[in-house]
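In order, the protein sequence lines correspond to chains A and B. Just so you know, we're using this note's numbering here: the first sequence kicks off at 288 and counts up by one. Just so you know, we're using this note's numbering here: the second sequence kicks off at 79 and counts up by one. Glycine included, each C-beta is placed from N, C-alpha and C at the ideal position.
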Amino acid sequence: VPEGSVLNIPHSPIAAVGSITLLVAFVVAAYSAATGLIGNAQHRRKLVTSSVHGVYAFFGLALLASALMIYAFVTHDYTIKYVAHTSDTSMPIWYKITSYWGALEGSLMFWVMVLAAFAAVAVKANAERHRDMIGYVVATVMTAQVFFLAILIYNKNPFATFLTEPPVDGKGLNPLLQTYWMVIHPPSLYTGFVAATIPFAFGIAALASGRLDDRWLASVRSWALICFFFLSLGLILGGRWAYEELGWGGYWAWDPVENAGLIPWFTMTAFLHSVMIQEQRGMMKVWNLVLVILTFWLTIFGTFMTRSGVVQSVHAFGEDNELALIFILFMTFIFIASFGLLIYRLPKLRSSNVFESFISREFTFLLNNWVLLGCAVFVLFVTMFPTLSEAVNGQRITIGPEFFNKWMTPLGLLLLFLAGAAPLMAWRRTTLERLWAQFAFPIAFAVVVVANLALWLPRTRVFTPIFADSVRLPVSLFNFAFVAFTLASIGQEFYRGTRVRMRQTSGSALTALVGLLVTRRRKYGGYVVHVGIAVMFIGFAGQAYETMEDKTVVVSEPAFKVRDHLWTESPDAVEKAHSEFRFFNFLYQKFEIEQLDGYTEYRATVRVEDHDGALLGVLEPAKRVYEKSEQPTTEVDLISSWEKDIYIILTEFEQEGNDVARVNFRVYINPLINWVWIGFGILMLGTAICLLPKRWVDRSRQTSAA
Amino acid sequence: MTMTSSAQPSRPTEGGGIVIKPSAVAIVTVLIGLFPIFDINDWRLGAPVFFLATAWVALVLTGLWLWRAGSSVAAEGAGSGDVGFELTTHRDELLQEKRALLKAIKEIEFDREMGKMSEEDADSLTRLYRRQAIDVIKALDEGGDETESADAIIERELRARLEVDRATKKGKKAKKADKAEKADEAAKPETSATSADTTEVGDEEDEV
Numbered sequence: 288v289p290e291g292s293v294l295n296i297p298h299s300p301i302a303a304v305g306s307i308t309l310l311v312a313f314v315v316a317a318y319s320a321a322t323g324l325i326g327n328a329q330h331r332r333k334l335v336t337s338s339v340h341g342v343y344a345f346f347g348l349a350l351l352a353s354a355l356m357i358y359a360f361v362t363h364d365y366t367i368k369y370v371a372h373t374s375d376t377s378m379p380i381w382y383k384i385t386s387y388w389g390a391l392e393g394s395l396m397f398w399v400m401v402l403a404a405f406a407a408v409a410v411k412a413n414a415e416r417h418r419d420m421i422g423y424v425v426a427t428v429m430t431a432q433v434f435f436l437a438i439l440i441y442n443k444n445p446f447a448t449f450l451t452e453p454p455v456d457g458k459g460l461n462p463l464l465q466t467y468w469m470v471i472h473p474p475s476l477y478t479g480f481v482a483a484t485i486p487f488a489f490g491i492a493a494l495a496s497g498r499l500d501d502r503w504l505a506s507v508r509s510w511a512l513i514c515f516f517f518l519s520l521g522l523i524l525g526g527r528w529a530y531e532e533l534g535w536g537g538y539w540a541w542d543p544v545e546n547a548g549l550i551p552w553f554t555m556t557a558f559l560h561s562v563m564i565q566e567q568r569g570m571m572k573v574w575n576l577v578l579v580i581l582t583f584w585l586t587i588f589g590t591f592m593t594r595s596g597v598v599q600s601v602h603a604f605g606e607d608n609e610l611a612l613i614f615i616l617f618m619t620f621i622f623i624a625s626f627g628l629l630i631y632r633l634p635k636l637r638s639s640n641v642f643e644s645f646i647s648r649e650f651t652f653l654l655n656n657w658v659l660l661g662c663a664v665f666v667l668f669v670t671m672f673p674t675l676s677e678a679v680n681g682q683r684i685t686i687g688p689e690f691f692n693k694w695m696t697p698l699g700l701l702l703l704f705l706a707g708a709a710p711l712m713a714w715r716r717t718t719l720e721r722l723w724a725q726f727a728f729p730i731a732f733a734v735v736v737v738a739n740l741a742l743w744l745p746r747t748r749v750f751t752p753i754f755a756d757s758v759r760l761p762v763s764l765f766n767f768a769f770v771a772f773t774l775a776s777i778g779q780e781f782y783r784g785t786r787v788r789m790r791q792t793s794g795s796a797l798t799a800l801v802g803l804l805v806t807r808r809r810k811y812g813g814y815v816v817h818v819g820i821a822v823m824f825i826g827f828a829g830q831a832y833e834t835m836e837d838k839t840v841v842v843s844e845p846a847f848k849v850r851d852h853l854w855t856e857s858p859d860a861v862e863k864a865h866s867e868f869r870f871f872n873f874l875y876q877k878f879e880i881e882q883l884d885g886y887t888e889y890r891a892t893v894r895v896e897d898h899d900g901a902l903l904g905v906l907e908p909a910k911r912v913y914e915k916s917e918q919p920t921t922e923v924d925l926i927s928s929w930e931k932d933i934y935i936i937l938t939e940f941e942q943e944g945n946d947v948a949r950v951n952f953r954v955y956i957n958p959l960i961n962w963v964w965i966g967f968g969i970l971m972l973g974t975a976i977c978l979l980p981k982r983w984v985d986r987s988r989q990t991s992a993a
Numbered sequence: 079m080t081m082t083s084s085a086q087p088s089r090p091t092e093g094g095g096i097v098i099k100p101s102a103v104a105i106v107t108v109l110i111g112l113f114p115i116f117d118i119n120d121w122r123l124g125a126p127v128f129f130l131a132t133a134w135v136a137l138v139l140t141g142l143w144l145w146r147a148g149s150s151v152a153a154e155g156a157g158s159g160d161v162g163f164e165l166t167t168h169r170d171e172l173l174q175e176k177r178a179l180l181k182a183i184k185e186i187e188f189d190r191e192m193g194k195m196s197e198e199d200a201d202s203l204t205r206l207y208r209r210q211a212i213d214v215i216k217a218l219d220e221g222g223d224e225t226e227s228a229d230a231i232i233e234r235e236l237r238a239r240l241e242v243d244r245a246t247k248k249g250k251k252a253k254k255a256d257k258a259e260k261a262d263e264a265a266k267p268e269t270s271a272t273s274a275d276t277t278e279v280g281d282e283e284d285e286v
């Protein structure tokens with residue numbers, strides 16, 4: 288019996304009850320899966336009902352185990368190894384609670400908890416409506432639970448106790464994780480991953496039961512959006528965490544763990560579009576099932592990547608060959624069972640229609656799906672390439688972010704163009720004349736914007752490589768052109784849609800707009816998401832003009848300057864006279880060493896002025912050395928505005944006795960970066976509009992009718 | 079005294095015994111358990127008390143749901159039948175096709191008004207889909223469907239469309255007429271979706 292197994296009955300009462308709870312949960316999950324499957328297959332209603340109650344009971348057990356684990360954290364029960372390894376007495380209460388998902392065992396248990404809650408809600412909402420397939424839904428979800436619980440019970444028991452005397456205090460949570468972004472980033476990403484299980488379960492249930500009409504889609508639309516919402520939230524919060532806490536100077540570095548969340552995001556986004564083709568045209572039934580299966584499989588694959596040690600990352604959980612093998616077996620099972628079932632049902636999955644024209648919305652959606660799937664395959668392959676190369680020839684060939692950027696930039700721009708073009712198309716077909724009438728304004732707007740940018744902001748004319756170093760294009764201008772095109776396209780859609788609704792309802796423009804958003808919330812909420820994506824691309828464009836400079840100051844020479852690339856006179860100004868540059872002036876003022884609770888902080892103070900000498904702010908970059916961690920952490924400081932971030936890191940310092948002789952800084956000027964966060968806020972708003980419950984809409988309609 | 083898994087409240091049985099609802103037992107058990115948890119902690123709600131209380135509630139709920147799961151299995155064979163396990167029938171497929179066709183007609187209408195589709199394309203596609211819808215409705219009628227006849231539905235669709243045109247011209251006056259129309263249709267649940275497809279352009283998402 289492995290040391291971490293639940294079968295090693297621990298000494299602590301909380302640990303003992305927790306371990307027993309996990310064992311009972313395993314039995315209940317297995318029971319529910321079996322009764323759901325048999326009940327549905329043999330048409331035994333009571334058996335299916337029993338499996339449904341099993342789902343609720345399982346939720347109760349998962350909640351019990353989670354509450355016990357957090358109770359152990361807040362009461363400092365260091366007899367439990369997991370508690371001792373990831374927390375200590377001095378940590379604030381919120382970090383103690385969030386330590387629950389701060390390491391491998393807890394994160395797996397948190398996964399079980401969230402899936403248990405989602406399964407209970409999904410089953411409760413659909414048990415009657417889909418009573419002919421709910422047993423299969425239960426069986427699918429609970430099979431996933433059996434897998435995760437098997438891992439917890441076999442060798443990753445979070446309630447495992449020390450075989451020897453427990454420590455007096457814990458080791459504490461990794462200092463890098465002690466930030467408010469990490470309080471919400473991991474649960475958001477896990478929630479996104481877990482939400483992909485529900486569409487998968489309904490897809491499998493539809494295949495197993497033979498009910499392959501559109502009804503299963505109606506039940507998974509919201510879950511697909513929830514998955515999209517939380518994956519997006521998790522990714523962006525992870526980016527923000529990396530930006531503020533890791534001191535990368537940026538928010539995205541194509542790290543394998545980041546990519547693990549991005550890959551299923553691509554396939555789920557593809558599903559959200561292709562599902563509309565099935566609803567509108569009765570087409571792509573097989574494709575939609577493939578996408579839900581793939582998305583779920585990729586969430587498990589992402590978990591495997593981050594927890595098995597198969598890829599190297601700054602925030603992976605470490606190497607574990609045994610765990611890797613268990614994951615590989617489960618992924619193989621999912622793949623064979625799901626696609627086997629799909630092939631078995633292929634004759635019943637005929638399309639009701641055919642594509643009538645290439646100039647149609649469904650065709651642009653199809654293109655969007657191909658590009659998104661292409662992105663997913665590309666990122667997956669390149670992320671795994673170091674591992675694959677090591678397996679083939681024993682050499683680990685690493686691939687840097689530049690390679691990703693060269694390929695993903697054109698793919699991203701193509702997606703952005705489609706985000707603007709697709710809404711302008713009609714379903715089925717449209718004439719060239721009508722097409723021109725739809726495209727004229729967005730194209731004209733894009734041309735005007737690009738001409739102005741190129742004229743007034745010469746730096747935007749910079750050529751950057753795509754696909755290869757030899758292929759250089761004014762990517763930045765393309766980027767702004769597509770952003771302008773998409774914003775104009777969506778604006779036009781809202782304007783014309785509002786006018787149509789005003790004609791139909793004889794209401795005011797505001798009433799018509801709100802009515803449009805509410806009654807066609809998926810369509811127009813989706814357009815708001817497109818606006819968010821376009822705004823995020825403004826921020827992505829800023830990367831082309833970012834500045835990164837390393838500066839060393841000494842007490843006798845405390846001032847230094849950093850170039851502002853965005854406002855240089857021309858793209859090749861680097862070669863030109865000094866006077867053509869704009870600068871930010873930095874003035875090092877003091878250095879302080881402060882002993883705080885659990886760590887020592889080394890902090891510099893720097894005054895920042897603009898080109899004309901006006902004060903922009905005072906920055907205090909620092910380094911912290913924690914008593915319980917060998918690794919010092921970087922405390923970034925920055926000045927934010929809509930136009931740029933001035934971002935400074937204290938990289939090194941040299942002490943001479945009690946004084947500091949030399950201080951090294953790394954300064955980034957990140958133009959337009961805040962548009963990434965603003966765009967993301969709009970994306971969240973759009974997703975929330977799409978998720979507006981039908982009940983609310985009905986109620987508001989009744990109120991307005993009264 | 080017996081326990082039941084039904085949702086009925088506690089009530090006397092024919093034999094004079096009392097049937098106790100399991101959820102009532104659960105609530106009482108939760109309250110009994112919460113008392114010592116709070117009492118030991120001097121009735122102060124801190125994080126440990128909150129999570130311990132949550133654990134207790136979860137434990138009791140687990141017991142309740144396990145009881146219900148067991149009761150369902152125990153009731154197997156007592157006339158459980160296979161109600162609700164029918165696979166898609168031909169009628170289901172026809173109804174789905176009808177919904178899809180009416181939705182398609184409405185979407186074409188909207189695209190035409192938005193200027194995305196030419197009059198000719200919109201007319202020819204609408205005619206095509208309406209013909210198909212008529213065939214489907216007729217097939218449903220022949221299968222003993224209780225909805226209106228195909229002719230009646232088409233007539234009503236036309237009337238609804240005229241209503242929309244009038245609304246465009248007469249503004250608020252026509253809006254009232256539209257509401258009255260909708261109120262009439264609300265009284266016919268099976269057919270309301272059909273007419274709403276053409277009268278309220280913005281409502282298609284809610285019908286599916």
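Write down every uninterrupted run of the beta strand (DSSP E) in the stretch 907 to 975 of chain A whose length is 3 residues or greater and which is fully enclosed by it, in chain order.
Fully enclosed beta strand (DSSP E) runs of 3 or longer: 909 to 913, 920 to 922, 924 to 927, 931 to 943, 946 to 958.
With 8 Å as the threshold, decide whether the Cβ of residue 178(B) is near any Cβ in chain E.
Absence of chain E from the displayed structure is noted, the protein chains being A and B.
Residue 96(B) CB to nearest chain A CB: under 8 Å?
no
What number of angstroms, rounded off, separates the C-alpha of residue 250(B) from the C-alpha of residue 793(A)?
Only weak support exists for where residue 250(B) lies, its pLDDT of 46 falling under 50; the coordinates are left without a value.
Alpha helix (DSSP H) segments (min. 4 residues) lying fully within the stretch 457 to 531 of chain A:
467 to 482, 484 to 496, 502 to 528
Secondary structure of residue 836(A), DSSP reduced to three states
strand
Among the candidates 141(B), 146(B), 143(B), 130(B), whose CA atom is the shortest distance from the CA of residue 358(A)?
Answer by Cα proximity: 130(B).
Following the continuous alpha helix (DSSP H) through residue 871(A), name the residue where it begins and the one where it ends.
Residue 871(A) -> not in any alpha helix (DSSP H); beta strand (DSSP E) instead, spanning 869 to 883.
Have a look at 573(A), 665(A), 670(A) and flag the residue whose alpha-carbon is nearest the alpha-carbon of residue 631(A).
573(A)
Measuring straight from C-alpha to C-alpha, what distance separates residue 940(A) and residue 375(A)?
30 Å
Three-state secondary structure assigned by DSSP to residue 300(A):
helix
Using a Cβ-Cβ cut-off of 8 Å, state whether residue 203(B) counts as contacting chain A.
yes
Please list, in chain order, all residues of the same chain as residue 435(A) whose beta carbon is under 7 Å from its beta carbon, the five residues on each side excluded.
Within the same chain, residue 435(A) has close Cβ partners 395, 398, 399.
Same chain only: Cβ atoms within 6 Å of residue 454(A), ignoring 5 sequence neighbours per side:
365, 371
Skipping 5 residues on each side, what residues in its chain have a beta carbon closer than 6 Å to that of residue 759(A)?
Closer than 6 Å at Cβ, skipping near neighbours: 750, 752.
Look at the Cβ atom of residue 887(A), then the Cβ atom of residue 821(A), and state whether they are nearer than 8 Å.
no
Could you pull out every residue in the same chain whose Cβ sits closer than 7 Å to the Cβ of residue 765(A), ignoring the five residues on either side in sequence?
700
Pick helix, strand or coil for residue 819(A), following the three-state DSSP scheme.
helix
Quick check on the DSSP output: the alpha helix (DSSP H) that includes residue 346(A) runs from which residue to which?
332 to 361
Could you pull the DSSP bridge partners for residue 847(A) from this structure?
873(A)
Residues in its own chain within less than 6 Å of residue 420(A) by CB, not counting five upstream and five downstream?
The answer, listed in chain order, is 492, 496, 498.
Is it the case that the Cβ atoms of residue 662(A) and residue 553(A) are separated by a distance below 8 Å?
yes
Are there 16 or more other CB atoms within 10 angstroms of the CB of residue 1005(A), so buried, or fewer, so exposed?
In this structure chain A extends from 288 to 993, so residue 1005(A) is not present and cannot be described.
Is residue 892(A) helix, strand or coil when you go by DSSP?
strand
Coil, strand or helix - residue 756(A) by DSSP
strand
I want to know whether the stretch 970 to 978 of chain A touches the stretch 517 to 535 of chain A - three or more CB-CB distances under 8 Å.
These segments touch.
What are the residues in the stretch 143 to 155 of chain B lying within 9 Å of chain A by C-beta distance?
Here the close residues are 143, 144, 145, 146, 147, 148, 149, 150, 151, 152, 153, 154, 155.
Reducing DSSP to helix, strand and coil, say where residue 215(B) ends up.
helix
Report, in whole angstroms, the separation of the C-beta atoms of residue 994(A) and residue 883(A), which I expect to be a contact under 8 Å.
Nothing about residue 994(A) can be reported from this structure: the residues present for chain A run from 288 to 993 only.
Which listed residue (645(A), 633(A), 542(A)) has its alpha carbon closest to that of residue 690(A):
542(A)
If the cut-off is 7 Å on Cβ atoms, which residues from the stretch 782 to 814 of chain A count as contacting chain B, listed in chain order?
For the stretch 782 to 814 of chain A, the residues whose beta carbon sits under 7 Å from a beta carbon of chain B are, in order, 783, 784, 787, 788, 790, 791, 792, 793, 802, 803, 806, 807, 808, 809.
Given that residue 194(B) touches chain A, what residues does it touch there, using C-beta distances under 8 Å?
Within chain A, the residues 711, 712, 713, 717, 721, 725 have their CB atoms less than 8 Å from the CB of residue 194(B), given in chain order.
Are the C-beta atoms of residue 274(B) and some chain A residue less than 8 Å apart?
Caution applies to residue 274(B), whose pLDDT of 35 falls short of 50 and renders its modelled position unreliable; the model cannot decide the point.
Short of 7 Å Cβ to Cβ, which residues in the stretch 111 to 133 of chain B face chain A?
125, 126, 129, 130, 132, 133
Helix, strand or coil for residue 123(B) per DSSP?
coil
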